Amino acid sequence: SSDLWSKVNSWGRGFKFDPSPIQFTGGVARTHFRTGDNINSAKLPVNVKTWNMKGNIGVISYFDGDKIKYNWAVINGLNIEIGKETEEVLSYAVKQSSTGNFIFVPKEGRIDILRSIDFETIDTINFEEATSQSQLFITKSGLLLLENQSVYLINKII
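According to my numbering, the sequence shown holds residues -12 to 145 in order.
As structure tokens, this is what we get:
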């Protein structure tokens, strides 16, 4: 409800939105996320470069020496737990269910489906139009894929 939220424009060098919020204060990086009607804050556990969060699942990029690494991560309570290392993930969608969360990741000619427990690939949807640049969205109708200004409805949902 609008009674619970207000919007105040603010800016500071300590904030970065790329694509999810990161706040840098006193040498510590934190992210802010919504849980129900509450806004929470959690410390990011590495020297973060970017943080892309959807629900309680995200992809974190960070500096390891002079290299950039990517890992899946999950918010558990107020802690961020680093999961399996991955390649750069530009887009993904999360399907939440009572049996667990599933992550859909576009690749060249396919969409990989991962378990959120261990970020292992459990299935693949072969879809010729998909690229690693495709945008994915979960809807009530199914999975939407946006590629080259075309939208595709993919109804194979777990």
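Glycine residues also receive a C-beta, built at the ideal position from the N, C-alpha and C atoms.
Keep in mind the model is a prediction, meaning the values are calculated, not measured.
In the DSSP assignment, PHE106 falls outside any beta strand (DSSP E) and carries neither an H nor an E. In the displayed model, GLN122 falls within a strand according to three-state DSSP.
For TYR49, the uninterrupted beta strand (DSSP E) segment begins and ends at 44 to 51. Taking all protein chains in view, the Cβ of PRO6 is surrounded by fewer than 16 other Cβ atoms within 10 Å, so the residue is classified as exposed. Secondary structure note for LYS56: its beta strand (DSSP E) is the uninterrupted segment 54 to 63.
Of the candidates MET40, GLN10 and GLY23, GLN10 places its Cα closest to the Cα of ASN34.
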